[in-house]
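**Q** Sharing a structure with you now.
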Amino acid sequence: MNSNDLLINVAELKKSYKVTDENRLEVLKGINLEIYKGEIAAIVGKSGAGKSTLLHILGTLDKPDSGTVSFENENIFEKKDKQLSEFRSRSIGFIFQFHHLLPEFTALENVMISSMISGISDKNKAEEALEEVGLKDRKNHKPSELSGGEAQRVAIARALINSPKLVLADEPTGNLDSENADSVIDLIFRLREKFGQTFVIVTHNEEFAGRCDRIIKLNDGIVVN
Ligand SMILES: Nc1ncnc2c1ncn2[C@@H]1O[C@H](COP(=O)(O)OP(=O)(O)OP(=O)(O)O)[C@@H](O)[C@H]1O
Ligand SMILES: [Mg+2]
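Its first residue numbered 1469, the sequence shown is counted upward by one per residue in this note's numbering.
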C-alpha cells in the first residue's frame, strides 16, 4: 500500500495510569501501528492488555503520555481542545459494547441527537441510517422496546450518520448472543462495502477477528505478531 492509503499512523505511543503517588501502571509501552483507508482491523489481546485504552486514544477521548497519532498525516494531539472535539465529531464514530442509547428517546431520536452536536443531523438522514441497518420499522421504539441486537444496530446507525472516516468499536458483539453478533458483524462488513469506511474493532470474538482484514495483537503493552 502507498502512503496515500494511510489513514492513521501511531508511533511510539505510551500511556500509563497513576496508581499511587509513587507508582504508575504502564499500559501502552510504545505502540507502533498503521491503519489503512477502508480496512477493517481487529485489535485482540487478553483482558487488561490495553485495547480499550488504545481505542480511546485513537478516538481522542484520552491523551497519550508520549508518542504520536497522525490522522491523514496530521498530528492530532497538537490540536487545541476545541479543534480536537470538532475533529472527533466530524471524523470519528464510536460503537461500544453496551449500546448507550438514551432510554427516554426513540430509536430515530437516538440516531439524531448525538449527531446534532456537529450541526449536520437531519431527520431524513437519520431515517436513511435506520433503513441501512434494517430498522426503519422500529424507528419509534424506545431502547427498552428493542432487542439487544436491534439496539446495537441503532447504535451503529448513530455512529455512522455523519459519515465519519473512522469507526471505532469496542467489543461491539460482546453483549450479544451468537445470532445477533453475526448480524452485527455482517452489517459492519456491508457498511464497509457500501461506504468504504475504515473500522478498528476490539473483539474477543475469534470468528469476527478472523474475518477482519488484519489482526493487531497487543501483549505486554506493545503490538506483537
Ligand atoms: N482510568 C484508569 N486508571 C487506572 N488504571 C486503569 C484505568 N483504565 C484502565 N486501567 C488499567 O489499565 C489496564 C488496561 O485497561 P484496558 O481497559 O485498556 O484493557 P482491555 O485490554 O480493554 O481489557 P478488557 O479486554 O478486559 O476490556 C488494565 O490493567 C486496567 O486495570
Ligand atoms: Mg476493554
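Just so you know, even glycine gets a beta-carbon here, dropped at the ideal spot from N, CA and C.
Go ahead and pull the three-state DSSP assignment for N1592.
**A** Reduced to three states, the DSSP call for N1592 is helix.
**Q** On the three-state DSSP scale, how would you describe K1604?
**A** K1604: helix per DSSP, three-state reduction.
**Q** Please confirm if the segment 1569-1583 is in contact with the segment 1594-1602, defined as three or more CB-CB distances below 8 angstroms between the two stretches.
**A** Contact between the segment 1569-1583 and the segment 1594-1602 is present, because at least three Cβ pairs lie under 8 angstroms.
**Q** Would L1431 pass as a contact of V1601 if the rule is Cβ separation under 7 angstroms?
**A** Outside the displayed span of the chain (1469 to 1693) sits residue 1431, for which this structure offers no information.
**Q** Output needed for P1532: all residues of its chain with C-beta closer than 8 angstroms, excluding positions within five of it in sequence on either side, in chain order.
**A** These residues qualify, in order along the chain: L1481, K1482, K1483, L1496, I1525, F1545.
**Q** For a test of the three-state rule: what should DSSP assign to G1685, helix, strand or coil?
**A** Position check: residue 1685 holds Lys in this sequence, whereas Gly was assumed. In the structure shown, K1685 sits in a strand (DSSP, three-state: E or B).
**Q** If distances are taken between C-alpha atoms only, which option among A1619, L1614, A1479, S1553 comes closest to I1563?
**A** Ranking the options by Cα distance to I1563, first place goes to A1619.
**Q** Taking 6 angstroms as the limit between beta carbons, can you name the residues of its chain near G1561, skipping five residues before and five after?
**A** Closer than 6 angstroms at the Cβ level, and outside the excluded window around G1561, lie A1627, L1628, P1632, V1635.
**Q** Go ahead and pull the three-state DSSP assignment for L1523.
**A** Of the three classes helix, strand and coil, the one that applies to L1523 here is helix, per DSSP.
**Q** So, with DSSP's three-state summary, where would you put N1477?
**A** Strand, per DSSP.
**Q** At which residues does the alpha helix (DSSP H) containing A1510 begin and terminate?
**A** Here A1510 belongs to no alpha helix (DSSP H); instead the beta strand (DSSP E) covers 1508-1512.
**Q** If you compare alpha carbons, which of L1614, P1611, A1517 is closest to N1687?
**A** For N1687, the nearest C-alpha among the options comes from A1517.
**Q** According to DSSP, is G1616 part of a helix, a strand, or is it coil?
**A** Reduced to three states, the DSSP call for G1616 is helix.
**Q** Applying the criterion that 16 or more other CB atoms from any shown protein chain within 10 Å of the CB defines a buried residue, is Q1665 buried or exposed?
**A** Burial call: buried.
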